[in-house]
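Since the structure comes first, as structure tokens, the remarks are kept for the end.
Numbering (UniProt numbering), first residue to last: 1 to 174.
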């Protein structure tokens, strides 16, 4: 039974390539194959290992096997969109602290909804590859900093949360 047409045929093989000496692993979730490849190539050039998924449902299927350091999510995808995927990742104790970045042409409503479900950062399409790499690195550093010393680098904290929130957090904590 054909319910509706989609640009992606299922199942789509998940891309994964082990990068010797990789400094981290990123799960890239986007239904557009060209965007997945663009993000993958730019992150691999920076020494990161990349696994891709074509939508949120596939992301949820592979996230526990892949154990990424960061997940990037598009918003508009078939089967399960990026915001609902983020909400499900946040509700799972195994992935609730996983850094999540929305990489999408977002509306203000989608940004607010993303913040409500616990998305850590947003990057608007079209983006500069250097911005993408910087964002992913900052999220990784923040995660590893929290895991290792339960502290965040102030510059990373400021750029991810926004200077106002970081300032309020600093005032509250000290």
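The C-beta atom is built at its ideal place from N, Cα and C for all residues, glycine as well. Here the structure is a predicted model, which means the values were calculated and not measured.
{"Asked": "Judging by CA-CA distance, which residue of 124, 85, 109 is the nearest neighbour of residue 35?", "Found": "124"}
{"Asked": "Can you name the start and end residues of the alpha helix (DSSP H) that residue 48 belongs to?", "Found": "Segment: none, residue 48 is in no alpha helix (DSSP H) and carries neither H nor E."}
{"Asked": "Taking only the alpha-carbon atoms, compute the straight-line gap between residue 151 and residue 116 and give it to the nearest angstrom.", "Found": "In this prediction, residue 151 has a pLDDT of 40, which is less than 50 and means its spatial position is unreliable; what the coordinates show is noted afterwards. Roughly 23 Å separates the two Cα atoms."}
{"Asked": "Would you decide whether residue 142 is buried or exposed? Buried here means 16 or more other CB atoms lie within 10 Å of its CB.", "Found": "buried"}
{"Asked": "Quick check on the DSSP output: the alpha helix (DSSP H) that includes residue 57 runs from which residue to which?", "Found": "56-66"}
{"Asked": "Have a look at 122, 67, 97 and flag the residue whose alpha-carbon is nearest the alpha-carbon of residue 75.", "Found": "122"}
{"Asked": "Within its chain, find whatever has a CB closer than 7 Å to the CB of residue 111; leave out the 5 residues flanking it on each side and keep chain order.", "Found": "122"}
{"Asked": "DSSP on residue 80, reduced to helix/strand/coil?", "Found": "coil"}
{"Asked": "Buried or exposed: residue 23, going by 16 or more other Cβ atoms within 10 Å of its Cβ?", "Found": "exposed"}
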